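Quick note: the sequence shown uses full-length UniProt numbering, first residue 1, plus one each step. For each residue, glycine too, the CB sits at the ideal point set by N, CA and C. Keep in mind that this is a model prediction, so the values were computed, not measured.
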Amino acid sequence: MRSEQHESAVTARGSEDESRGPRAGFARRAIVGDLFEAPSGPLRQVSVDRLGDAESRLERRDPIFSRSTSVHTAIAAQVISVLLKPRTWTPSPPGQPFEFSPHELVELCEHAEAVLRDEPTLLKLGAPIKIFGDIHGQYPDLMRLFAEFGAPAHTGDLDLVDYLFLGDYVDRGAYQLETICLVLALKVEYPDRVFLLRGNHESPEINEKYGFRDECLDRLGPAGDAVWRCFNAVFAWLPIAATICDKIFCVHGGLGLTIESIEQVAAIQRPIQKGEGPLMMDLLWSDPASHDSVRGISLNVQRLGATRAPDRPPQPGECTTFDAARVNDFCRHNGIHLIVRAHECVMDGFERFASGRLVTVFSASRYCNTYENAGAILLVDRSLTVIPKLLKPSAATHYGWHQNYSDRPPTPPRSRQHAHGGGAADEALEPTVAEPMKLRNVPTGREAGEGVRDSDALDSMRGLLRGLPGAGAPARRSPSASPVSIGRRESRGSRGSRSPTR
């Protein structure tokens, strides 16, 4: 049975997008045809004026072009077999030739695009589900997360829980090809269990500069540039956001200046190429303000590389930071209890904002071998309790980072003093410990534009999040951090029978 998001697929893509499917895959074969040979011989070139006839023949004989959403391909299974080894995979020195040929990677891209085309821009998912933040080619961390908390395989926990990735699979790290190939193969092999969103680095103008194109060239040889273009053609079809049980809104970046409703996101048409526009800038690039007490929407000085904000309000299409009131308004207007986003390195692997109404999750530990941050994922159980799972910083290595960061230093992490929506009292916070702390029925009541909430509920929330007396002291649950319930609600569908400066 198809997952829920297929039942509400966005129809606004239009006939132009529908007719683009076969041409996209065929054109990619033509791009790389003069660079390498397929296993059965050279790829035949077809002139543009005969492309339509060729497409018709391909549609009749090649299941890739049938737009099936349950495609099972040999290449996806091979990639998973080779790369998904959470407890036995060992990193080789960066720059070694990749395990798969350019031809195989193009085939994987074609199948992945076929699956992604059939998904809407806004996914509607259920629980239980795991949520992963930025990975950035730190494949060893991805394997550690799978080893510690379950892997997306039938020998792992795939029959019990879905997987949602919030984007930024490539750039920075030294194992970008391993990372992107595995998540795409998982998507092809398990289209109703594994879900991928787009991050700001899944764009050619970004990943051309921050390491992905260089890795493709270094490890794939002369065909590397063509394969890099194929990956970016797939990225253009990645969904942008997801909801979980209609109560948790998941996106890579944030709300920015222009995002008012979930319907806005659902109406975005794909494929999305260059010139992303104000909505995409906000969804993929914006960040929460540095602290709950900061008011208003401002230009994102850190990402602009400026020393101070210009003395003017931000305009649509500019990178911004948004305040707690913005989060509260969006949640109230859309019936959302929690926003989960990635995009920023946070010292504890996850961090709360807007008094717990927004959570940032970052899955790459010791980011760029520069910061001592933990990595994390979030487990959302059937009751919509959100349980952070923490990964300690990995051991420092003399390799593993694709570029010289003196040229393009990574964006610094959010300071731990801002964690959990606290103030000065939180400045000396240690990394989050595994004290179970449940919070039932997050209030959705009085939330004025200035960010005022019911004071009793807010005081109670702060006490729980800081582990103050009165929160209770159940047995420790390592290595998880404090679970936070956003309100009891039945998950969509029954899962009892099952054995989504940069």
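With 16 other Cβ atoms within 10 Å as the buried cut-off, status of R357: Residue mapping note: residue 357 aligns to position 357 of the sequence shown, counting from 1. Using a 10 angstroms sphere on the CB of R357, the tally of other CB atoms reaches 16 or more, which defines it as buried.
Enumerate in chain order the residues of its own chain whose CB-to-CB distance from G150 is below 6 Å, with the five nearest sequence positions on each side excluded. By 1-based counting over the sequence shown, the position of residue 150 is 150. G156, D157.
Give every residue of the same chain whose Cβ lies closer than 7 Å to the Cβ of A127, excluding the five residues on either side of it in the sequence, and list them in chain order. On the sequence shown, residue 127 is found 127 positions in, with the first residue counted as 1. Counting only Cβ-Cβ distances below 7 Å, and skipping sequence neighbours, we find I244, C245, V380, D381, R382, L384, S491.
How would you write the range of the alpha helix (DSSP H) that V346 sits in, first residue to last? For the purposes of this step, residue 346 is identified with residue 346 of the sequence shown, where counting begins at 1. In the DSSP assignment, V346 falls outside any alpha helix (DSSP H) and carries neither an H nor an E.
Taking one C-beta from the segment 198-213 and one from the segment 84-102 each time, how about it: are there three or more such pairs within less than 8 Å? With a cut-off of 8 Å on Cβ pairs, the segment 198-213 is not in contact with the segment 84-102, counting fewer than three such pairs.
What residue range does the beta strand (DSSP E) around Y139 cover? In the sequence shown, the residue the question calls residue 139 occupies position 139. Where Y139 is concerned, there is no enclosing beta strand (DSSP E), although the alpha helix (DSSP H) it sits in stretches over 139-149.
Of the listed residues Y139, L390, I377, nearest to Y163 (C-alpha basis): By one-based count along the sequence shown, residue 163 stands at place 163. Minimum Cα distance to Y163 is reached at I377.
Local conformation of residue 519 per DSSP, three classes: No answer is possible for residue 519: the residues shown for the chain start at 1 and end at 502.
Counting only runs that start and end within the segment 210-269, where is the alpha helix (DSSP H) found for 4 or more residues in a row? Fully enclosed alpha helix (DSSP H) runs of 4 or longer: 212-220, 224-235, 262-266.
Pairwise C-alpha distance: C230 and E110: Here residue 110 refers to the residue found at position 110 of the sequence shown. Here residue 230 refers to the residue found at position 230 of the sequence shown. Each residue's CA atom was taken as its position, placing E110 and C230 some 8 Å apart.
Helix, strand or coil for P313 per DSSP? As a first step, residue 313 is located in the sequence shown; it is residue number 313 there, counting from the start. In the structure shown, P313 sits in coil (DSSP, three-state: anything other than H, G, I, E or B).
D168: buried (16+ other C-beta within 10 angstroms of its C-beta) or exposed? Taking the sequence shown and counting its residues from 1, the one referred to as residue 168 is at position 168. Answer is buried; the Cβ neighbour count reaches 16.
Minimum C-alpha distance to D282 - residue among L217, R341, H333: The sequence position of residue 282 within the sequence shown is 282, counting from 1. Checked all of L217, R341, H333; the closest Cα to D282 is R341.
For my contact list, K247 and I336 are in at a C-beta cut-off of 8 Å; report their separation, rounded to the angstrom. Working through the sequence shown from its first residue, we reach residue 247 at position 247. Working through the sequence shown from its first residue, we reach residue 336 at position 336. Indeed, because the Cβ distance is near 6 Å, the residues count as touching under 8 Å.
Going by DSSP, what residue range makes up the beta strand (DSSP E) through L283? Translated into positions along the sequence shown, residue 283 becomes position 283. Per DSSP, L283 belongs to no beta strand (DSSP E); it is in the alpha helix (DSSP H), 277-285.
For R312, the nearest candidate out of S298, A325, D323, L160 (CA to CA): For the purposes of this step, residue 312 is taken as residue 312 along the sequence shown, with counting starting at 1. Nearest neighbour of R312 by Cα position, chosen from S298, A325, D323, L160, turns out to be S298.
Enumerate in chain order the residues of its own chain whose CB-to-CB distance from W228 is below 7 Å, with the five nearest sequence positions on each side excluded. As a working note, residue 228 is residue 228 in the sequence shown. The beta carbon of W228 sits closer than 7 Å to those of F212, R213, C216, all from its chain and outside the five residues before and after it, given in chain order.
Cα separation between E351 and Q78? Numbered from 1 along the sequence shown, position 351 holds the residue referred to as residue 351. Numbered from 1 along the sequence shown, position 78 holds the residue referred to as residue 78. Between E351 and Q78, the C-alpha separation is close to 37 Å.
Determine the burial state of D159: buried for a count of at least 16 other Cβ atoms within 10 Å of its Cβ, exposed for fewer. Here residue 159 corresponds to residue number 159 of the sequence shown, with the count starting at 1. Counting Cβ neighbours within 10 Å, D159 comes out exposed, since fewer than 16 surround it.
Output the boundary residues of the beta strand (DSSP E) element that contains residue 545. This structure gives no information on residue 545, because the portion of the chain shown stretches from 1 to 502.
Assuming R172 contacts Y210 (C-beta within less than 8 Å), just tell me the rounded distance between them. Counted from its first residue, the sequence shown places residue 172 at position 172. Counted from its first residue, the sequence shown places residue 210 at position 210. A Cβ-Cβ distance of about 6 Å is found for the pair R172 and Y210, placing them in contact under the 8 Å criterion.
Ignore the nearest five residues each way along the sequence and tell me which others in G133's own chain have a CB closer than 6 Å to its CB. What you label residue 133 is simply residue 133 of the sequence shown in a count that begins at 1. If we look at G133 and ignore the five residues flanking it on each side, its Cβ neighbours are L166, A342, V361, F362, S363.
In terms of alpha-carbon separation, which member of D292, H252, D225 lies closest to E344? On the sequence shown, residue 344 is found 344 positions in, with the first residue counted as 1. The shortest C-alpha separation from E344 is found at H252.
With a 10 Å radius around its C-beta and 16 neighbouring C-beta atoms as the bar for buried, classify H136 as buried or exposed. Here residue 136 refers to the residue found at position 136 when the sequence shown is read from its first residue. Around the beta carbon of H136, 16 or more other beta carbons sit within 10 angstroms, so the residue counts as buried.
Below 6 Å CB to CB, which residues in the same chain sit around T321 once its five sequence neighbours on both sides are set aside? Numbered from 1 along the sequence shown, position 321 holds the residue referred to as residue 321. For T321, same chain residues with a beta-carbon under 6 Å away, outside a window of 5 residues either side, are D287, A289, S298, N300 in chain order.
Is residue 555 buried or exposed, if buried means 16 or more other CB atoms sit within 10 Å of its CB? Nothing can be reported for residue 555: it is not among the residues displayed for the chain, which extend from 1 to 502.
Report the option in E113, S394, D141, P388 whose CA atom is closest to the CA atom of E372. As a working note, residue 372 is residue 372 in the sequence shown. Taking only the C-alpha atoms, the option nearest E372 is S394.
Less than 8 Å between the C-beta atoms of L182 and L338, yes or no? Within the sequence shown, residue 182 is the residue found at index 182, counting from 1. Within the sequence shown, residue 338 is the residue found at index 338, counting from 1. Not closer than 8 Å, so no.
Which of helix, strand or coil DSSP assigns to I129: Taking the first residue of the sequence shown as 1, we reach residue 129 at position 129. Strand at I129.
Report yes if the C-beta distance between L391 and E148 is below 8 Å; otherwise report no. As a position in the sequence shown, residue 391 is number 391, starting the count at 1. As a position in the sequence shown, residue 148 is number 148, starting the count at 1. Yes, the Cβ-Cβ distance between L391 and E148 is below 8 Å.
Going by DSSP, which residues form a beta bridge with K124? Within the sequence shown, residue 124 is the residue found at index 124, counting from 1. Secondary-structure assignment with DSSP links K124 through a beta bridge to T243.
For the alpha helix (DSSP H) that T179 lies in, which residues bound it at each end? Walking along the sequence shown from the start, residue 179 turns up at place 179. First-last of the alpha helix (DSSP H) with T179: 176-189.
Look up A354 in the DSSP assignment and say whether it is helix, strand or coil. For the purposes of this step, residue 354 is taken as residue 354 along the sequence shown, with counting starting at 1. Residue state for A354 is assigned as coil, using DSSP reduced to three classes.
Tell me where the alpha helix (DSSP H) around F98 begins and ends. Taking the first residue of the sequence shown as 1, we reach residue 98 at position 98. No alpha helix (DSSP H) holds F98; DSSP gives it neither H nor E.
Whole-number beta carbon distance between A112 and V170, since they are thought to touch under 8 Å: Locating residue 170 in the sequence shown gives position 170, where the first residue counts as 1. Locating residue 112 in the sequence shown gives position 112, where the first residue counts as 1. Taking a contact as a CB-CB distance under 8 Å, the pair V170 and A112 does not count as one, their CB atoms being some 14 Å apart.
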